[in-house]
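In our numbering, the protein residues as written are 400 to 710.
Cβ coordinates follow ideal geometry from the N, Cα and C atoms, glycine included.
For reference, the structure discussed in these notes is given below.
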Amino acid sequence: MALIDNRMEDSLPRLSEATAGDFFALMKPRVMSLVVFTAFVGFAAAPGSHNPVLGMIAILAIAVGAGASGALNMWYDADIDRVMTRTASRPLPSGRILPGEALGFGIVMSAFSVFTLGLLVNWLAGALLAFTIFFYAVIYTMWLKRSTPQNIVIGGAAGAFPPMIGWAAATNSIGWESVILFMITFLWTPPHFWALALFKAGEYGKAGIPMMPNVRGLASTRRQIFAYSLLLAPIGMLPWLMDYRSVVYGAGATALGAGFVWYAWTVLRMTDEDQAMKPAKALFGFSLIYLFAIFALYLVDIALMHAGIVG
């Protein structure tokens, strides 16, 4: 009888002992917070009066959708995460969450976020959120990431959509201003991640991921980082140049763009591969500051313009 009971227990689906904190970590909270912030800026920048309740619903749905994307990404990339030191402690490679749990969690959260946004706010925003989740989980994670050194360039679109989703949630449309916010994040993504890849090239190589430094070499990567910084700087100023934002934003965006170009230049001018790691780490750190600061500045400028302090 005991043997039969043991066999029955072995045949039952096994569940992990994951905590709520493990499932929260599965959602990539740092990435999710950036997604929420940029989506909120897109919502706030949209013209017309904004319903605060619908705004809260929209931002919550976008946050859940971002978390779902992170869960699906971690589910598929568990084999890669297991061999990289910076990701080995994540819930799946460490064994705290089972693959089936992560997949089910991601799918349920995806459906919940899209239908909540579509039914309670509008279906344009819901469709954009659905496309973003699909793009990140399928196009980027399952296809581009392991097949081309341009994975970050093309896949970066997924992280650039949130301002457009926020705008669409407020207006049920897509405006040029939201497209510019998309372009800022889109052009920021390659130099940000390639700076990381410069000093993590060994780990990406061990995991078999064709990041730019591993495929094209460090010198080519440094040149491309600098080229993208030259594109990013004027695009970051475009909201001011097109008269969407005031001179307050314009001055801040100009300074931030100049700083980004300078850090990229310090990476470009390094020729010794070992010495190049310090400028790459500095650029990576500044790139995080840049994106947060330029969207925060955008939000401050909106408040100043609404208050009539600047015009």
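{"Query": "Run of the alpha helix (DSSP H) containing residue 615, from where it starts to where it stops", "Result": "First-last for residue 615: undefined, no H or E at that position."}
{"Query": "Burial state of residue 476 (16 or more Cβ within 10 Å)", "Result": "buried"}
{"Query": "Sufficient close CB pairs (3 or more, under 8 Å) joining the segment 609-623 to the segment 584-599", "Result": "yes"}
{"Query": "Nearest to residue 644 (by Cα), restricted to the options 443, 547 and 520", "Result": "443"}
{"Query": "Cα-Cα separation, residue 637 to residue 655", "Result": "13 Å"}
{"Query": "Candidates 589, 470, 446 and 640: closest to residue 429 by CA position", "Result": "470"}
{"Query": "Nearest neighbour of residue 457, chosen from 479, 517 and 689 [CA to CA]", "Result": "517"}
{"Query": "Selection from 580, 423 and 439 that minimises the alpha carbon distance to residue 500", "Result": "423"}
{"Query": "Element boundaries [alpha helix (DSSP H), containing residue 463]", "Result": "451-475"}
{"Query": "Start-to-end residues for the alpha helix (DSSP H) that takes in residue 416", "Result": "Neither: residue 416 is in no alpha helix (DSSP H) and is coded neither H nor E."}
{"Query": "Exposure label - residue 591; buried when at least 16 CB within 10 Å", "Result": "buried"}
{"Query": "Close Cβ partners of residue 534 (< 7 Å) along its chain, the five nearest in sequence each way excluded", "Result": "556 and 557"}
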